[in-house]
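Colleague: Numbering (the numbering used here), first residue to last: 1 to 148. Where a beta carbon is used, it is the ideal one built from N, C-alpha and C, also for glycine. A single structure is presented below for examination.
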């Protein structure tokens with residue numbers, strides 16, 4: 001790649017911009033920042049795999065998967081199958097100080113959503129692609145089934 005960037009292991013991230021430090025040393029709120037984006041891409045890709053491709057419908061439907069309320073419910077659903085290491089990451093994400101809480105979420109939901117996003121970010125940056133796909137797939141199916 002040009003610009004003096006070195007190629008890195010594609011198992012850790014989608015692009016040639018590795019994190020500045022190992023995943024365990026990245027603050028939970030920063031892991032949540034990338035985790036939010038990764039989960040959003042997964043949800044968008046899932047919705048585009050369905051028949052209704054009108055942008056307004058896609059956006060409205062995506063909100064039901066990515067809201068703090070939905071992510072909080074997802075975390076409760078996934079927690080029984082998380083490893084000890086994943087539970088530790090979730091705890092760190094839940095306890096992270098993030099600044100302000102959005103108007104449309106209560107504090108507990110927001111903290112649990114941040115914890116879920118922290119886990120997604122951690123799995124992304126540790127190269128645990130299979131585990132990431134597994135948990136996100138289960139998350140999407142959980143929301144999909146609970147909407148019916």
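Residues in the same chain with beta-carbon distance under 6 Å from residue 107, minus the five sequence neighbours each way, listed in chain order, please.
Modeller: Stepping through the chain shown from its first residue, residue 107 is reached at position 107. 101.
Colleague: Just list the alpha helix (DSSP H) runs in the region 21-90, keeping only unbroken ones of 4 residues or longer that don't cross its boundaries, in chain order.
Modeller: Fully enclosed alpha helix (DSSP H) runs of 4 or longer: 28-48, 55-66, 68-78.
Colleague: Taking the C-alpha atoms as reference points, what is the distance between residue 103 and residue 36?
Modeller: Here residue 103 is taken as the residue at index 103 of the chain shown, counted from 1. Here residue 36 is taken as the residue at index 36 of the chain shown, counted from 1. Cα to Cα, residue 103 sits roughly 18 Å from residue 36.
Colleague: With DSSP collapsed to three states, give me the class of residue 101.
Modeller: The residue labelled residue 101 in the question sits at position 101 within the chain shown. Note: residue 101 maps to coil in three-state DSSP.
Colleague: Within the continuous alpha helix (DSSP H) that includes residue 115, where are the two ends?
Modeller: As a first step, residue 115 is located in the chain shown; it is residue number 115 there, counting from the start. Segment 107-125, the alpha helix (DSSP H) holding residue 115.
Colleague: Measuring straight from C-alpha to C-alpha, what distance separates residue 32 and residue 82?
Modeller: Indexing the chain shown from 1 puts residue 32 at position 32. Indexing the chain shown from 1 puts residue 82 at position 82. So the alpha carbons of these two residues sit roughly 17 Å apart.
Colleague: Indicate whether residue 89 and residue 119 have their beta-carbon atoms separated by less than 8 Å.
Modeller: Taking the first residue of the chain shown as position 1, residue 89 is located at position 89. Taking the first residue of the chain shown as position 1, residue 119 is located at position 119. Yes, the Cβ-Cβ distance between residue 89 and residue 119 is below 8 Å.
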